[in-house]
Amino acid sequence: MPTVLKDKENRGDWSIYEDFGEGSVLFGDRDITIASLPARLKGAEAVRTACDSKMYEKALGTFTAGADMTLYIATDTRVVDMGLPDWFADLKAGETFTLGTNGGNGSNVCYIALATGRSIRGDVNADGKFDMADIVLMQKWLLSVPDTELADWKAGDLWEDECINVFDLAVMKKNC
175 MPTVLKDKEN RGDWSIYEDF GEGSVLFGDR DITIASLPAR LKGAEAVRTA
225 CDSKMYEKAL GTFTAGADMT LYIATDTRVV DMGLPDWFAD LKAGETFTLG
275 TNGGNGSNVC YIALATGRSI RGDVNADGKF DMADIVLMQK WLLSVPDTEL
325 ADWKAGDLWE DECINVFDLA VMKKNC
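The opening position of the sequence shown corresponds to residue 175 in my numbering, with each subsequent residue numbered one higher.
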């Protein structure tokens, strides 16, 4: 993701890194680490902001998506006037998005942005669509049929509990 950072004072404390997970450092200017996060965000690409960027009162920067992705934000619950940005959605490669201000409030921390590859819920064979073939593959995998592999097991974790089981299969069957 090419970037244009507008908070020049704290620019050196920003970074982009892959494989976000438990124990990852949240900010480039603080030793605060993540304790837990939803399964769908593990391994995400992260924009590590400077915590001190919270004081910048304009848009912090712009980024261009290098691939199709879904964007998420982790923010301080004390941020009430920030107004959530409109980029919590899927982006196509080449689209640009803006990280807005955190309100210029010194009594909170700045946010971080996380990007994950966009996958289709239920598309365990990773062919770009969710259909009966995914349900059959999931059934075979749950029954331990030899040589059965899920191309995208995370797409099959419909309960988002980091395991694939009959409950995920039931949701798949209901939604097909």
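The C-beta atom is built at its ideal place from N, Cα and C for all residues, glycine as well. Since this is a predicted model, take the numbers as computed values, not measurements.
Once DSSP output is grouped into helix, strand and coil, what is the label at Phe341?
When secondary structure is reduced to three states using DSSP, Phe341 falls in the helix class.
What residues match up with Met243 in a beta bridge as DSSP calls it?
Leu265, Gly291, per the DSSP bridge assignment.
Spell out the partners DSSP gives Val199 in its beta bridges.
Paired residues: Thr207.
Under the three-state reduction of DSSP, which class applies to Ala300: helix, strand or coil?
Ala300 falls in the coil class under three-state DSSP.
Inspect the beta-carbon positions of Leu265 and Leu215 and report whether they are closer than 9 Å.
Contact: no.
Environment of Lys228 [buried if 16+ CB atoms lie within 10 Å]
Lys228 should be labelled buried.
Compute every distance between the C-beta of Thr251 and the non-hydrogen atoms of the ligand MG, then say whether any falls below 8 Å.
This structure lacks the ligand MG, and indeed carries no ligand of any kind.
By the three-class DSSP mapping on this structure, what secondary structure does Glu219 have?
Annotated three-state conformation of Glu219 is strand, per DSSP.
Short check: CB of Met243 to CB of Thr290, under 9 Å?
The answer is yes: Cβ separation under 9 Å.
Where the alpha helix (DSSP H) through Asp308 begins and ends:
From DSSP, the alpha helix (DSSP H) with Asp308 extends over 306 to 316.
Are Leu200 and Ala248 touching if we call contact CB-CB under 9 Å?
Yes, the pair counts as a contact, with Cβ atoms nearer than the cut-off.
Under a three-way DSSP split, which group does Glu231 fall into?
It is coil, neither helix nor strand.
Chain-order list of residues whose beta-carbon lies under 6 Å from that of Val140 (same chain, five-residue window excluded):
Nothing can be reported for residue 140: it is not among the residues displayed for the chain, which extend from 175 to 350.
For Val340, decide whether its Cβ has a neighbour in chain D, counting only Cβ atoms nearer than 9 Å.
Protein chains in the displayed structure number just one, and chain D is not present.
Since Phe271 and Leu311 are thought to touch, with beta carbons under 8 Å apart, how far apart are those beta carbons, to the nearest angstrom?
Phe271 to Leu311, Cβ: 34 Å. No contact.
DSSP state of Ala329, grouped into three classes?
Three-state DSSP puts Ala329 in a helix.
Straight-line gap, Gly278 to Glu323 (C-alpha atoms, nearest Å):
Taking the straight line joining both Cα atoms gives about 49 Å.
Cys350 to Gly296 span [Cα, whole Å]:
Between Cys350 and Gly296, the alpha-carbon positions lie close to 9 Å from each other.
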